[in-house]
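This report refers to the structure that appears directly beneath it.
Protein chains in written order, with this note's numbering: chain V, 5 to 118; chain U, 7 to 121.
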């Protein structure tokens, strides 16, 4: 079974631009979560989608948004990029069924904002 | 609110020595607990998980962890370190009551293995 895939793997943008990151979960997984990882803040939860609905949201500004499609694929968008948005963005998928909580992570998208 | 602490941001061991990475959690109900490993420029890989079955959990690559409710701990161990174990390790807690309650990760511990 294929793992979680994220595209693109690397991205360089300039301040003020916007960016869209894509995540394809493991087949059959209905939950997709997004995390931002930086050296200073560690792993921070952005949001989770389940059956095309945002089910949970972290403490990030409204510039960060996401969506999930009917095939469970998810996209994350960041508008008006700031230098501080430079980070590794990780997507994780989960079955999210009773007793099954583990998340499986993709390789991440490394975003650099200049 | 849940929280996770990992004592020691950097741990160094000699090859063949015992690996002990510490994790303590705070949760109002017995949580699900996980250990993940991250190699440079990669995502996180699940090492093992605790979901209220056996308190001693065995994972991949020879790692295991023991859930101790009285100590609110879930320390990760490996009897003999290998050079390939050098990576960053994250402990995470999940609230079993709500699938939408997402993981809270600890700050991570970087493991170095010395020859």
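The beta carbon of each residue, even a glycine, is placed where N, CA and C say it ideally should be.
Problem set entry | For residue 9 of chain U, the nearest candidate out of U/119, U/118 and U/100 (CA to CA) | Mapped onto the second chain, residue 9 of chain U falls at position 3. Selected option, being the one with the closest Cα: U/100.
Exercise. With 16 as the cutoff for other CB atoms within 10 Å, does residue 115 of chain U come out buried or exposed?
Worked result: Locating residue 115 of chain U in the second chain gives position 109, where the first residue counts as 1. Buried, because 16 or more other Cβ atoms sit within 10 Å of the Cβ of residue 115 of chain U.
Exercise. Of all the residues that make up the stretch 35-68 of chain U, which are near chain V by a beta-carbon distance shorter than 7 Å?
Worked result: 38, 40, 48, 49, 50, 52, 55 and 57
For this session: Go ahead and pull the three-state DSSP assignment for residue 77 of chain U.
Result: Along the second chain, one-based indexing puts residue 77 of chain U at 71. Helix.
Problem set entry | Three-state secondary structure assigned by DSSP to residue 46 of chain V | As a first step, residue 46 of chain V must be located in the first chain, where it is residue number 42. Strand, per DSSP.
Exercise. Out of curiosity, what's the CA-to-CA distance linking residue 116 of chain V and residue 10 of chain V?
Worked result: By 1-based counting over the first chain, the position of residue 116 of chain V is 112. By 1-based counting over the first chain, the position of residue 10 of chain V is 6. For residue 116 of chain V and residue 10 of chain V, the distance between alpha carbons rounds to 16 Å.
For this session: Answer yes or no: does any C-beta atom of chain V fall closer than 8 Å to that of residue 111 of chain U?
Result: If you number the second chain from 1, residue 111 of chain U lands on position 105. Look at residue 111 of chain U: its C-beta is under 8 Å from a C-beta on chain V.
Problem set entry | Whether residue 99 of chain V touches residue 41 of chain V by CB criterion (8 Å) | Here residue 99 of chain V corresponds to residue number 95 of the first chain, with the count starting at 1. Here residue 41 of chain V corresponds to residue number 37 of the first chain, with the count starting at 1. No, Cβ-Cβ distance for residue 99 of chain V and residue 41 of chain V is not below 8 Å.
Exercise. In angstroms, rounded to a whole number, what distance separates the CA positions of residue 46 of chain U and residue 35 of chain U?
Worked result: Counted from its first residue, the second chain places residue 46 of chain U at position 40. Counted from its first residue, the second chain places residue 35 of chain U at position 29. Those two C-alpha atoms are separated by around 34 Å.
Problem set entry | Range of the contiguous beta strand (DSSP E) that encloses residue 116 of chain U | Along the second chain, one-based indexing puts residue 116 of chain U at 110. Looking at the DSSP string, the run of the beta strand (DSSP E) that includes residue 116 of chain U is 115-120.
Exercise. By the 10 Å Cβ neighbour count, where 16 or more other Cβ atoms means buried, how is residue 89 of chain U classified, buried or exposed?
Worked result: Position 83 of the second chain holds residue 89 of chain U. It is exposed - the Cβ of residue 89 of chain U has fewer than 16 other Cβ atoms within 10 Å.
For this session: Buried or exposed for residue 29 of chain V, please, with buried defined as at least 16 other CB atoms from any protein chain shown within 10 angstroms of its CB.
Result: Here the question's residue 29 of chain V lines up with position 25 in the first chain. The residue in question, residue 29 of chain V, is buried, as its Cβ has 16 or more Cβ neighbours within 10 Å.
For this session: Can you give me, in chain order, the residues of the stretch 106-118 of chain V that have a beta carbon less than 9 Å from any beta carbon in chain U?
Result: 106, 107, 108, 109, 110, 111, 112 and 114
Problem set entry | From V/75, V/21, V/13 and V/70, residue whose alpha carbon lies closest to that of residue 87 of chain V | Your numbering for residue 87 of chain V matches position 83 in the first chain. Of the listed residues, the one whose Cα sits closest to residue 87 of chain V is V/21.
Exercise. At least one CB of chain U closer than 8 Å to the CB of residue 49 of chain V: is that the case?
Worked result: The residue labelled residue 49 of chain V in the question sits at position 45 within the first chain. For residue 49 of chain V, the answer is yes, since a Cβ of chain U falls inside 8 Å of its Cβ.
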